[in-house]
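The structure under discussion appears below in the form of structure tokens.
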Amino acid sequence: MKLMKLFVAALAFTVVAQAARPMIKPAGYQVDVVNIPKEITLGVGGMAFLDRVNMLICTREGEVWKFNTATGSWSKFADGLHESLGLWIDQKKGEVFVMQRPELTKLVDTDKDGQADLYQTVNAGWGLTDNYHEYS
Numbered sequence: 647m648k649l650m651k652l653f654v655a656a657l658a659f660t661v662v663a664q665a666a667r668p669m670i671k672p673a674g675y676q677v678d679v680v681n682i683p684k685e686i687t688l689g690v691g692g693m694a695f696l697d698r699v700n701m702l703i704c705t706r707e708g709e710v711w712k713f714n715t716a717t718g719s720w721s722k723f724a725d726g727l728h729e730s731l732g733l734w735i736d737q738k739k740g741e742v743f744v745m746q747r748p749e750l751t752k753l754v755d756t757d758k759d760g761q762a763d764l765y766q767t768v769n770a771g772w773g774l775t776d777n778y779h780e781y782s
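The opening position of the sequence shown corresponds to residue 647 in the numbering used here, with each subsequent residue numbered one higher.
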């Protein structure tokens, strides 16, 4: 019991000591505050930049949001996905790939309106059961 009290005291001291330390920003880095609209739920599963200004963010809720870093504006790029937990953008081709629970999907904006309107299955050969821990 005495050992447990000592452990809890040491843990509490560590937490307080860490909280009291100021955050140090390394040289060459910039910290920006991003305001997220209240109507957007961001259970972030992946983030990647389309270009120098537009960042895509995929969510566990099955959406992909586009954030414009220059204007601070948000727009929905895709939705209806099954727990999207990974995102990759081929910078040379501008192609967007998202890892859903059951498959790897390519998202294509065919009419260039800023929203994906074609969802192409790249690979779904892993199989899927109803186990909630199972992801592709």
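Every residue, glycine too, gets a C-beta built ideally from N, C-alpha and C.
- Item | Whole-angstrom distance between Val-690 and Thr-756, CA atom to CA atom | Answer to the nearest angstrom: the Cα atoms are 25 Å apart.
- From the DSSP output, in three-state form, read off Ala-716 for me. Per DSSP, reduced to three states, the secondary structure at Ala-716 is coil, with no helix or strand assignment.
- Item | Asp-697 - DSSP class collapsed to helix/strand/coil | Residue state, collapsed to three classes: coil.
- Quick one: any contact between the segment 727-743 and the segment 697-713, if contact means 3 or more CB pairs under 8 Å? Look at the beta carbons and you see the segment 727-743 touching the segment 697-713: at least three pairs across the two are nearer than 8 Å.
- Given 8 Å, three or more beta-carbon pairs between the segment 710-725 and the segment 753-768: Contact between the segment 710-725 and the segment 753-768 is present, with at least three C-beta pairs closer than 8 Å.
- Task: With a 10 Å radius around its C-beta and 16 neighbouring C-beta atoms as the bar for buried, classify Trp-772 as buried or exposed.
- Result: Per the 10 Å Cβ criterion, exposed.
- Look up Gln-766 in the DSSP assignment and say whether it is helix, strand or coil. Strand at Gln-766.
- Item | Spatially closest choice to Ala-694 from Asn-769, Tyr-765, Ala-716 and Glu-741, by CA coordinates | Closest by alpha carbon: Glu-741.
- Item | Straight-line Cα distance separating Lys-738 from Gln-746 | If you take the alpha carbons of Gln-746 and Lys-738, they lie about 23 Å apart.
- Item | Between the CA atoms of Pro-683 and Tyr-778 - distance to the nearest angstrom | Counting only the Cα atoms, Pro-683 lies some 29 Å from Tyr-778.
- Item | Residues bridged to Asp-736 [DSSP beta-bridge criterion] | DSSP, once it has assigned bridges, lists Glu-741 as partnering Asp-736.
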